[in-house]
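Peer 1: Numbering (this note's numbering), first residue to last: 121 to 526. From the three backbone atoms N, C-alpha and C, an ideal C-beta is built for every residue, glycine too. Sharing a structure here in C-alpha cells format.
Structure follows, in C-alpha cells:
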C-alpha cells in the first residue's frame with residue numbers, strides 16, 4: 121500500500137481510498153469528526169498546500185458531517201479551508217452576476233463606461249445594472265470613478281438622470297408615510313445652501329404649525345457652505361441620526377423632523393459621493409441632482425420644494441448652472457410622481473446677520489421666539505436681518521402649502 125498509512129484501528133477502513141499527494145507524512149495531520157451516529161470520521165488537512173481534496177468513502181452522505189469544509193460540486197469531498205473560502209467567493213460572485221443578469225440583463229461595466237465616454241445615451245436597464253452592481257460589489261470603485269468622470273465630460277439627459285436617481289433609491293428602503301397623520305399632506309423642502317442660509321431651521325416648524333408634515337432628510341455642507349445638519353450639530357447633545365422607528369415617531373408627534381439619512385435610505389449615494397469627492401466630479405449638475413433627489417425620493421413625500429442658491433455665497437455662482445440644476449431636479453421629481461417646485465434665490469450676500477453654524481442656529485431661534493421674548497444673548501440680530509429671513513421663510517411656506525393642496 122504505497123502512499124497509505126494506517127492510523128489506529130478505527131481509521132483503517134477510511135485510509136483505503138485516501139490519496140496522499142505531494143506531501144511528506146510529517147506535514148499531514150489527521151482530524152477526527154464524529155457524526156450524529158457517534159461513528160468516528162477522519163478528514164485530512166494539508167497545511168500550506170493546495171493540491172485538492174481527500175475523498176472519504178466510509179459514508180456516502182456527507183450532510184451529517186459538521187465542521188468540515190466541502191466542495192459544493194462534490195458532495196463527499198473535504199478541502200483545505202483556504203481553498204474552500206476562495207471557491208465560495210467565486211461562487212458568490214457568479215451567483216451575484218446571474219442575479220443581476222436575470223434582473224436587468226447581462227452587461228459589462230467597461231462597455232457601459234465606453235458607451236458613456238463616447239457620448240451615447242445609456243438605457244434604463246444599463247444604469248440600474250451598473251448602480252446595483254456597484255452597490256453589491258460586482259462593479260469596482262475604479263470602474264465607478266471612470267463612469268463618474270465620463271458623466272462629467274459627456275453629461276446626461278434628464279431621462280438618464282431620472283433613471284440614475286431611481287437606481288440609487290432602489291439600493292435601499294423607502295419610507296412609508298401613509299400611516300403618519302393620514303389627513304395631512306407630506307411636503308419636504310431642500311436648499312442647496314449658502315453662506316448664512318438658515319431658512320430651513322425656521323421654515324420646518326413653521327410649515328408644521330400650518331398643518332403640513334415635513335419629513336426632511338438633510339445633509340452636510342456642500343463645498344464651503346454649512347449644511348442644516350452642521351448647524352443643528354452645534355447644539356450640544358442633539359442627535360440627528362435617528363432610526364426609522366424614531367424618525368416616524370417624531371413625525372407623528374411633532375409633525376416635522378430634520379434628520380440625517382441613514383444607510384437604509386439610498387445607501388449607495390454615500391459611497392458614490394466619496395468617489396466624487398476624490399475624483400473631481402462633485403460640481404457636475406447631473407450628479408448633484410441625483411444625489412440630492414435620491415434621498416428625497418426615498419422619503420416618498422407628496423410634494424417637494426427646492427431652493428437653489430446662486431451667487432458669490434452659494435455653491436453655484438452663475439445663474440445658468442443654478443437654472444440647469446433646478447430644471448433637472450424638477451424633472452426627476454415629476455418623473456417620480458411627486459409635485460415638485462423650485463425657486464432660485466440670490467446668495468451674493470449672506471442671509472441674515474450671523475455666519476457660522478452655532479451663530480446661525482441662534483439667529484434662527486431668535487426669529488422663532490418672536491419679538492415679545494428676550495434675546496438669547498447680548499448681541500441679538502437686528503430687525504432688518506431677521507426680516508430678510510422671515511420674508512423668505514413665509515414665501516417658501518406658501519409654496520409648500522400649494523404643493524400640499526392646501
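1) What's the call for residue 326, buried or exposed, on a 16-neighbour Cβ count within 10 Å?
2) Can you give the Cα-Cα distance for residue 252 and residue 503, rounded to whole angstroms?
3) Is the distance from the Cβ of residue 455 to the Cβ of residue 282 below 8 Å?
4) For residue 299, which of helix, strand or coil comes out of DSSP?
5) Do residue 415 and residue 383 have their C-beta atoms closer together than 8 Å?
6) Whole-angstrom Cβ separation of residue 464 and residue 443, contact assumed at under 8 Å?
7) Tell me, please, which residues DSSP counts as bridged to residue 285.
8) Which runs of the alpha helix (DSSP H) at least 4 residues long sit entirely within the segment 257-285? Give them in chain order.
9) Buried or exposed: residue 505, going by 16 or more other Cβ atoms within 10 Å of its Cβ?
10) Can you tell me whether residue 398 is buried or exposed? The criterion is at least 16 other CB atoms within 10 Å of its CB, across all chains shown.
11) Is the distance from the Cβ of residue 423 to the Cβ of residue 301 below 8 Å?
12) At the level of alpha carbons, what is the spacing between residue 467 and residue 249?
13) Given 8 Å as the limit, is there contact between the segment 351-359 and the segment 401-410, that is, 3 or more CB pairs closer than that?
14) So, helix, strand or coil for residue 238, using DSSP?
15) Roughly how many whole angstroms lie between the Cα atoms of residue 377 and residue 485?
16) Do residue 306 and residue 293 have their beta-carbon atoms positioned less than 8 Å apart in this structure?
17) Quick check: the segment 268-283 against the segment 428-439, are there 3 or more CB pairs under 8 Å?
18) Helix, strand or coil: how does DSSP classify residue 346 here?
19) Can you check which of these residues, 426, 512, 524, 303, is closest to residue 471 by C-alpha distance?
20) Please report the distance separating the alpha-carbon of residue 165 from that of residue 259.
21) If we count the other Cβ atoms within 10 Å of its Cβ and call it buried at 16 or more, is residue 526 buried or exposed?
22) Measuring alpha carbon to alpha carbon, tell me which residue in 309, 255, 273 is nearest residue 453.
23) Assuming the contact rule is C-beta atoms closer than 8 Å, residue 291 and residue 386 should be a hit. Round their C-beta distance to whole Å, please.
24) Give me whichever residues DSSP pairs with residue 466 in a beta bridge.
25) Exposed or buried, what is residue 396 when buried is set at 16 or more other beta-carbons lying within 10 Å of its beta-carbon?
26) List in chain order: all unbroken beta strand (DSSP E) runs of 3+ residues lying wholly within the segment 336-407.
27) What is the DSSP secondary structure of residue 459, counted as helix, strand or coil?
28) Taking Cβ to Cβ, would you say residue 449 is nearer than 8 Å to residue 417?
29) Within its chain, find whatever has a CB closer than 6 Å to the CB of residue 339; leave out the 5 residues flanking it on each side and keep chain order.
30) Provide the residue(s) that pair with residue 308 in DSSP beta bridges, ordered along the chain.
Peer 2: This is what the structure holds:
1) Buried: at least 16 other Cβ atoms inside 10 Å.
2) Roughly 51 Å between the two C-alpha positions.
3) Taking 8 Å as the Cβ cut-off, residue 455 and residue 282 qualify as a contacting pair.
4) Taken through DSSP and simplified to helix, strand or coil, residue 299 comes out as coil.
5) The Cβ-Cβ distance between residue 415 and residue 383 does not fall below 8 Å.
6) 6 Å between Cβ atoms; contact.
7) According to DSSP, which records beta bridges pairwise, residue 285 is partnered with nothing at all.
8) Counting only runs of 4 or more, we get 261-274.
9) The C-beta of residue 505 has 16 or more other C-beta atoms within 10 Å across all chains shown, which makes the residue buried.
10) Answer is exposed; the Cβ neighbour count stays below 16.
11) Between residue 423 and residue 301, the C-beta gap is not smaller than 8 Å, which leaves the two residues out of contact.
12) Taking the straight line joining both Cα atoms gives about 39 Å.
13) Not touching, per the Cβ criterion.
14) Residue state, collapsed to three classes: coil.
15) Rounded to whole angstroms, residue 377 to residue 485 spans 16 Å at the Cα level.
16) Not a contact, by the Cβ cut-off of 8 Å.
17) Inter-segment contact for the segment 268-283 and the segment 428-439 is absent: fewer than three beta-carbon pairs are separated by less than 8 Å.
18) Coil, per DSSP.
19) Residue 512 holds the alpha-carbon nearest to the alpha-carbon of residue 471 among 426, 512, 524, 303.
20) Note on residue 165: pLDDT 41, under 50, position unreliable in the model; the coordinate value appears next. Here the C-alpha atom of residue 165 lies approximately 35 Å from the C-alpha atom of residue 259.
21) For residue 526, the number of other beta carbons within 10 angstroms of its own is below 16, and it is reported as exposed.
22) Measuring from the Cα of residue 453, the nearest candidate turns out to be 309.
23) Residue 291 to residue 386, Cβ: 6 Å. Contact.
24) Residue pairing of residue 466 in beta bridges, as defined by DSSP: 430.
25) Classification of residue 396: buried, given that the 10 Å Cβ count is 16 or more.
26) Listed in chain order, the complete beta strand (DSSP E) runs (minimum 3 residues) inside the segment 336-407 are 376-379.
27) Shown here, residue 459 sits in a strand according to DSSP, grouped into three states.
28) One thing to note: residue 449 has its Cβ no nearer than 8 Å to the Cβ of residue 417.
29) Within the same chain, and ignoring the five residues on either side of residue 339 in sequence, the residues whose Cβ sits closer than 6 Å to its Cβ are 347.
30) 424.
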